[in-house]
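Colleague: Can you read through this structure? Questions will come right after.
Protein chains: 2
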Amino acid sequence: MIVVSRAQFTAAAVPLTKMARGRVYFFSTALDTEIPESKRKYIPRSGTYPKGFAVAGSYVGVKASNTRFPDLALICSETPCSAAAVFTTNKFQAAPVQVSKATLEKRHGQGIRSIVINAGCANAVTGKGGIEDAWSMGAEVDKCNGLHEPSTIVMSTGVIGQRLPIKKIVDAIPVTHSQLSSTHSAWLSTARAICTTDTFPKLISQSFTLPSSPDRTYSLAGITKGAGMIHPNMATLLGALCTDAPIEPSALKSLLNHAVARSFNSISVDGDTSTNDTVVLMANGAAGGKSIGSASSADYATMQDILTMFAQSLSQLVVRDGEGATKFVTVRVQNSPCYESARIIAATIARSPLVKTALYGRDANWGRILCAVGYAQGVKSGVVMPERTSVSFKPVDGSPVLKLLINGEPEKVDEARASAILQDEDLEIVVDLGGGEQGESGLAREEAVYWFCDFSHEYITINGDYRT
Amino acid sequence: MIVVSRAQFTAAAVPLTKMARGRVYFFSTALDTEIPESKRKYIPRSGTYPKGFAVAGSYVGVKASNTRFPDLALICSETPCSAAAVFTTNKFQAAPVQVSKATLEKRHGQGIRSIVINAGCANAVTGKGGIEDAWSMGAEVDKCNGLHEPSTIVMSTGVIGQRLPIKKIVDAIPVTHSQLSSTHSAWLSTARAICTTDTFPKLISQSFTLPSSPDRTYSLAGITKGAGMIHPNMATLLGALCTDAPIEPSALKSLLNHAVARSFNSISVDGDTSTNDTVVLMANGAAGGKSIGSASSADYATMQDILTMFAQSLSQLVVRDGEGATKFVTVRVQNSPCYESARIIAATIARSPLVKTALYGRDANWGRILCAVGYAQGVKSGVVMPERTSVSFKPVDGSPVLKLLINGEPEKVDEARASAILQDEDLEIVVDLGGGEQGESGLAREEAVYWFCDFSHEYITINGDYRT
Chain V
277 MIVVSRAQFT AAAVPLTKMA RGRVYFFSTA LDTEIPESKR KYIPRSGTYP
327 KGFAVAGSYV GVKASNTRFP DLALICSETP CSAAAVFTTN KFQAAPVQVS
377 KATLEKRHGQ GIRSIVINAG CANAVTGKGG IEDAWSMGAE VDKCNGLHEP
427 STIVMSTGVI GQRLPIKKIV DAIPVTHSQL SSTHSAWLST ARAICTTDTF
477 PKLISQSFTL PSSPDRTYSL AGITKGAGMI HPNMATLLGA LCTDAPIEPS
527 ALKSLLNHAV ARSFNSISVD GDTSTNDTVV LMANGAAGGK SIGSASSADY
577 ATMQDILTMF AQSLSQLVVR DGEGATKFVT VRVQNSPCYE SARIIAATIA
627 RSPLVKTALY GRDANWGRIL CAVGYAQGVK SGVVMPERTS VSFKPVDGSP
677 VLKLLINGEP EKVDEARASA ILQDEDLEIV VDLGGGEQGE SGLAREEAVY
727 WFCDFSHEYI TINGDYRT
Chain C
277 MIVVSRAQFT AAAVPLTKMA RGRVYFFSTA LDTEIPESKR KYIPRSGTYP
327 KGFAVAGSYV GVKASNTRFP DLALICSETP CSAAAVFTTN KFQAAPVQVS
377 KATLEKRHGQ GIRSIVINAG CANAVTGKGG IEDAWSMGAE VDKCNGLHEP
427 STIVMSTGVI GQRLPIKKIV DAIPVTHSQL SSTHSAWLST ARAICTTDTF
477 PKLISQSFTL PSSPDRTYSL AGITKGAGMI HPNMATLLGA LCTDAPIEPS
527 ALKSLLNHAV ARSFNSISVD GDTSTNDTVV LMANGAAGGK SIGSASSADY
577 ATMQDILTMF AQSLSQLVVR DGEGATKFVT VRVQNSPCYE SARIIAATIA
627 RSPLVKTALY GRDANWGRIL CAVGYAQGVK SGVVMPERTS VSFKPVDGSP
677 VLKLLINGEP EKVDEARASA ILQDEDLEIV VDLGGGEQGE SGLAREEAVY
727 WFCDFSHEYI TINGDYRT
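Quick mapping for you: the protein sequence lines, in order, are chains V and C. Residue 277 is where the first sequence starts when you use my numbering, and the numbers rise one by one after that. Residue 277 is where the second sequence starts when you use my numbering, and the numbers rise one by one after that.
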């Protein structure tokens, strides 16, 4: 049982102080080693973390070749949480996905206390033994928390088709549990422990207020890793978000669904979807205040905006770390008569190998973008009207947009300016559907945004030479 | 009006003899220059061509940078043909697609005499002027044939968003028409004239018989080019097939749809679909015999098999010429309770960047294949049952299959053998769905096959550096 005061949990600035079971630990980690210079700007130097949560990342050596990096992450709340998760839609669902789903169903999204994550082995396509292993991981965490009912969400990432070194993991859980802490350093170490081929740990946090108690400070923290199936034997998309705001399970589920659709499910590195993808959100209510329940309340609306933007920022770090990526591209499909169709179009552009290679080559090739708009499958009739479709590049420096196609007619493009815009790491592509068949009356109706990276030689090298 | 005897048209072995309007021409072309050594085996040295068709490929210089290669192709039948076509489903349909559709509709698939194709400019996203240009091309061909009704299918391939140099093209049509010929050399020159970034011309022909007149010889010839959107400003998938068998328009349409679904629409280089994709089939009945009408006739069934296999062989040449491709991969999804779902799964594997890069890296990475099976969108419920799914590699040398996954359980893979199999240019991946939820009773039910190539460094170079 964790017995740490709230004062301690909010002390994010306390350096390297570990608090659990009333004891204090010190530790250090090689977090900054081997992180590329260009990625260091994405690693926060401090944070504002939710009350009542303690975390730890420790070394187990799940993968034999890992001799020093943390690969077991543990997140615990001192009180029971509302919890919700979005899981992969892949039909080959890894054991931890099946187990976590069962746990959330059995507990009706309440009474969840912990998240345990290992890197190095995905525990996918591992049969009944794999399911038992996933249960064992969760049960050991529950035992450390003095609980008898399943109260832990389990995640794994790594090689497919191999069993976990379950004894090593279970043996390491009590030690890891004893290192639980609420410091910035502990959060960073936890973020590091779920990485596989990521080049940097992905952690963000923020504080916020809700309309019903404007003087109360809430916090939200999240860690994430990997993107889709960048390295299918190694990676998966995992996300764990924690808040000290009080949220009912049903509201939590709909808040998370909304946020994930617009963040983790709106990014693309290579379009593949792993067997293990999981994003979980825990809310322990430790900061107090009125519980968020009804979707029609002002608190709910505010929480939705905050959570969605937060999840977007977190998921964008995954794109920033896309294998071999040299560009970070936002594609905005606007003035669509239908949100879902706009989303399909954005996703199709984001996944087009030809768009991705053109961007790598700094080529203002609007024909490839237009083609992707035109062949997107599942778009509702009347959404894409060639004569109402416009495409432009929006520079990140705030200079005017570069129009490439207006109402289906190609513009005479200033190639020098196009080239200059494409030199920047960041780019926004705007596809304006002009209201579709509704025309003017459909303007400003629906908008979908996707974030993606380019395909580079490095991507092919990494993915082609993976096992050789 | 073409006045050439049938005897002349069948004289495929006559070297370089051009026949049109009663005159005889000689020509030569630089067909064999710049064709990679490894691709020369795909270029036929002779052929058996359908009676009553004459063809020509000539140089126009549609693209200013093209100073010598043929870029205008003309195919004419001396008598009216039944004709059918399958067009791109891209919503941005190029002008020639719109015009050819209108012509086929207006003529109810009958009375078609010619196909005219230019390379170097796609006449796509070119507004009303582009539509007029496409009509002009067809009208000029009809004029040469002494016809007043639209009787020509028009196709274009090349840069998007630019108008055709229509005067140059229209001026070149009578000259090209005067060079029409039925020789092997003329067919090869015609195949060459539709190429853009293809490294070799794609032409095949074959003779066949039909059950209703076993002593009569029919012929089928076809040319094709490009794949999907390999080079979106330059390429598109075009195919033109001609037969001297007599086929009713309605039967022709269903025969072509069946064949294209299992050939041109079952190949993938990069998964993108162009604005111009068109495959057309003309049947002039010049070889005589009973006309194929009812889908329940023995002739229809035979024709369906012949046309489908022919279209498969022709379309596979496109995959052989995939940009940067080092491998030719067949993916067979078998024992599916549903054909369409099997097809979606095969297409998803064929398009997965991770599968494609793994194959480039000669990596027996069944996890990537399995993941693609699992995330395929639109697959019917009950088709993919993890515990009934098996994956294996089938070597092209006839040696035993290498089992990677059996009924959802990973095999201990002989990596040395896997590596040896993957060294071959050709590979077949077999995904066995085990009958899906129907189990044993669903075995041997439905099967879908896709052909695709790998993603290589060369692909990125070609597509990333296209305009630089």
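By construction, the Cβ of each residue, glycine as well, lies at the ideal position given by its N, Cα and C atoms.
Would you say the stretch 721 to 728 of chain V touches the stretch 610 to 622 of chain V, given that touching needs at least three Cβ pairs under 8 Å?
Modeller: With a cut-off of 8 Å, the stretch 610 to 622 of chain V and the stretch 721 to 728 of chain V count as touching, because enough Cβ pairs lie within range.
Colleague: With three or more beta-carbon pairs closer than 8 Å as the criterion, would you say the stretch 581 to 600 of chain C touches the stretch 493 to 504 of chain C?
Modeller: Yes, they touch.
Colleague: Report the residue ranges of all beta strand (DSSP E) runs contained in full by the stretch 380 to 415 of chain V; include only those spanning at least 3 residues, in chain order.
Modeller: If we require 3 residues or more, the beta strand (DSSP E) runs fully inside the stretch 380 to 415 of chain V come out as 388 to 397.
Colleague: By DSSP, does C/Glu704 sit in helix, in strand, or in coil?
Modeller: Mapped onto the second sequence, residue 704 of chain C falls at position 428. Strand at C/Glu704.
Colleague: Roughly how many whole angstroms lie between the Cα atoms of C/Glu687 and C/Ser628?
Modeller: To locate residue 687 of chain C, count along the second sequence from 1; it is residue 411. To locate residue 628 of chain C, count along the second sequence from 1; it is residue 352. Answer to the nearest angstrom: the Cα atoms are 23 Å apart.
Colleague: Can we say the stretch 328 to 343 of chain C touches the stretch 351 to 366 of chain C, given the rule of at least three CB pairs closer than 8 Å?
Modeller: Counting Cβ pairs under 8 Å, three or more are found: they touch.
Colleague: Just curious, the beta strand (DSSP E) that V/Asp491 is in, first and last residue?
Modeller: On the first sequence, position 215 is the one that residue 491 of chain V refers to. Element bounds for V/Asp491: Ser489 to Lys501.
Colleague: Which residues mark the beginning and the end of the beta strand (DSSP E) in which V/Tyr726 is found?
Modeller: Position 450 of the first sequence holds residue 726 of chain V. Run containing V/Tyr726: Glu722 to Cys729, per the beta strand (DSSP E) assignment.
Colleague: Report all residues from its chain with a CB closer than 8 Å to the CB of V/Arg439; omit the five preceding and five following residues, and keep chain order.
Modeller: Sequence index remark: in the first sequence, residue 439 of chain V carries index 163 (1-based). Taken in chain order, the residues that qualify are Cys397, Asn399, Thr402, Gly405, Gly406 and Asp409.
Colleague: Helix, strand or coil, according to DSSP, for V/Arg297 in the structure here?
Modeller: Residue numbering aside, residue 297 of chain V sits at position 21 when the first sequence is read from its first letter. Since pLDDT at V/Arg297 reaches only 29, below the 50 mark, its modelled position is unreliable, and the value read off the structure follows with that caveat. Of the three classes helix, strand and coil, the one that applies to V/Arg297 here is coil, per DSSP.
Colleague: For V/Glu722 and chain C, any beta-carbon pair shorter than 8 Å?
Modeller: Indexing the first sequence from 1 puts residue 722 of chain V at position 446. So no, V/Glu722 is outside the interface.
Colleague: Taking 8 Å as the CB-CB cut-off, is V/Val594 touching chain C?
Modeller: Numbered from 1 along the first sequence, position 318 holds the residue referred to as residue 594 of chain V. Not closer than 8 Å to any Cβ of chain C, the Cβ of V/Val594 fails to qualify, so no.
Colleague: Taking Cβ positions only, does C/Leu746 come closer than 8 Å to chain V?
Modeller: Nothing can be reported for residue 746 of chain C, as the shown portion of chain C is limited to 277 through 744.
Colleague: Given V/Pro671, which residues of its chain have a CB within under 6 Å of its CB, disregarding the five upstream and five downstream residues?
Modeller: The residue given as residue 671 of chain V occupies position 395 in the first sequence. For V/Pro671, where only same-chain residues beyond five positions count, the Cβ hits under 6 Å are Ile697.
Colleague: Can V/Leu513 and V/Asp474 be called in contact, C-beta distance under 8 Å?
Modeller: Counting from 1 along the first sequence, the entry for residue 513 of chain V is found at position 237. Counting from 1 along the first sequence, the entry for residue 474 of chain V is found at position 198. No, Cβ-Cβ distance for V/Leu513 and V/Asp474 is not below 8 Å.
Colleague: Going by C-alpha distance, which of V/Asp639, V/Pro662, V/Asp702 and V/Gly598 is nearest V/Phe476?
Modeller: Translated into positions along the first sequence, residue 476 of chain V becomes position 200. Of the listed residues, the one whose Cα sits closest to V/Phe476 is V/Gly598.
Colleague: Could you check what DSSP says for V/Leu698 in three-state terms: helix, strand or coil?
Modeller: On the first sequence, position 422 is the one that residue 698 of chain V refers to. Residue state, collapsed to three classes: helix.
Colleague: Could you check whether the stretch 522 to 536 of chain V touches the stretch 440 to 458 of chain V, counting it as contact only if at least three pairs of C-beta atoms, one from each stretch, sit closer than 8 Å?
Modeller: Touching, no, given that fewer than three Cβ pairs across the two stretches are closer than 8 Å.
Colleague: Quick one: using the 10 Å Cβ neighbour count with 16 as the cut-off for buried, is C/Pro487 buried or exposed?
Modeller: Locating residue 487 of chain C in the second sequence gives position 211, where the first residue counts as 1. Per the 10 Å Cβ criterion, exposed.
Colleague: Between the stretch 689 to 706 of chain V and the stretch 660 to 679 of chain V, do at least 3 Cβ pairs fall closer than 8 Å?
Modeller: Contact between the stretch 689 to 706 of chain V and the stretch 660 to 679 of chain V is present, because at least three Cβ pairs lie under 8 Å.
Colleague: Can you give me, in chain order, the residues of the stretch 550 to 564 of chain V that have a beta carbon less than 7 Å from any beta carbon in chain C?
Modeller: Residues passing the 7 Å Cβ filter: Ser550 and Thr551.
Colleague: Considering only their Cβ atoms, is the gap separating C/Leu517 from C/Leu557 smaller than 8 Å?
Modeller: Locating residue 557 of chain C in the second sequence gives position 281, counting from the first residue. Locating residue 517 of chain C in the second sequence gives position 241, counting from the first residue. Yes. Within cutoff.
Colleague: Can you check whether the CB of V/Thr584 is closer than 8 Å to the CB of V/Ala535?
Modeller: Here residue 535 of chain V refers to the residue found at position 259 when the first sequence is read from its first residue. Here residue 584 of chain V refers to the residue found at position 308 when the first sequence is read from its first residue. For V/Ala535 and V/Thr584, yes; Cβs fall inside 8 Å.
Colleague: Would V/Gly385 and V/Ser427 qualify as a contact pair, given that the criterion is a beta-carbon distance under 8 Å?
Modeller: Here residue 385 of chain V refers to the residue found at position 109 of the first sequence. Here residue 427 of chain V refers to the residue found at position 151 of the first sequence. No. Outside cutoff.
Colleague: C/Lys443 CB to nearest chain V CB: under 8 Å?
Modeller: Here residue 443 of chain C refers to the residue found at position 167 when the second sequence is read from its first residue. No, no contact with chain V.
Colleague: Can you name the residues of chain V whose CB is closer than 8 Å to the CB of C/Asn366?
Modeller: The residue labelled residue 366 of chain C in the question sits at position 90 within the second sequence. Those within 8 Å of C/Asn366 in chain V are Cys647, Gly650 and Tyr651.
Colleague: Tell me V/Met431's beta-bridge partners as DSSP assigns them.
Modeller: For the purposes of this step, residue 431 of chain V is identified with residue 155 of the first sequence, where counting begins at 1. BP columns for V/Met431 point to V/Ile393.
Colleague: Please tell me whether, using a cut-off of 7 Å, the distance from the CB of V/Arg389 to the nearest non-hydrogen atom of the ligand FMN is below it.
Modeller: This structure lacks the ligand FMN, and indeed carries no ligand of any kind.
Colleague: What residue range is occupied by the uninterrupted beta strand (DSSP E) comprising C/Pro613?
Modeller: Along the second sequence, one-based indexing puts residue 613 of chain C at 337. Where C/Pro613 is concerned, there is no enclosing beta strand (DSSP E), given that its DSSP letter is neither H nor E.
Colleague: Could you spell out where the alpha helix (DSSP H) holding C/Met585 opens and where it closes?
Modeller: Locating residue 585 of chain C in the second sequence gives position 309, where the first residue counts as 1. Ala574 to Arg596 is the extent of the alpha helix (DSSP H) around C/Met585.
Colleague: When the cut-off is 8 Å and only beta carbons count, does V/Ile620 lie next to chain C?
Modeller: For the purposes of this step, residue 620 of chain V is taken as residue 344 along the first sequence, with counting starting at 1. No, V/Ile620 does not count as interfacial toward chain C.
Colleague: Does DSSP put C/Ser218 in a helix, a strand or coil?
Modeller: Absent from the structure is residue 218 of chain C, since the part of chain C shown begins at 277 and ends at 744.
Colleague: Do C/Glu713 and C/Gly658 have their CB atoms nearer than 8 Å?
Modeller: Walking along the second sequence from the start, residue 713 of chain C turns up at place 437. Walking along the second sequence from the start, residue 658 of chain C turns up at place 382. Yes, the pair counts as a contact, with Cβ atoms nearer than the cut-off.
Colleague: According to a CB-to-CB cut-off of less than 8 Å, which residues of the stretch 670 to 685 of chain V neighbour chain C?
Modeller: Going along the stretch 670 to 685 of chain V in chain order, one finds Leu681, Gly684 and Glu685 with a Cβ nearer than 8 Å to chain C.
Colleague: Report, in whole angstroms, the separation of the C-beta atoms of V/Ala359 and V/Leu380, which I expect to be a contact under 8 Å.
Modeller: The sequence position of residue 359 of chain V within the first sequence is 83, counting from 1. The sequence position of residue 380 of chain V within the first sequence is 104, counting from 1. Indeed they touch by this definition, with Cβ atoms about 6 Å apart.
Colleague: Express the C-alpha separation of C/Met413 and C/Arg492 in angstroms, rounding to a whole number.
Modeller: Taking the second sequence and counting its residues from 1, the one referred to as residue 492 of chain C is at position 216. Taking the second sequence and counting its residues from 1, the one referred to as residue 413 of chain C is at position 137. Spanning the two alpha carbons is a distance of roughly 36 Å.
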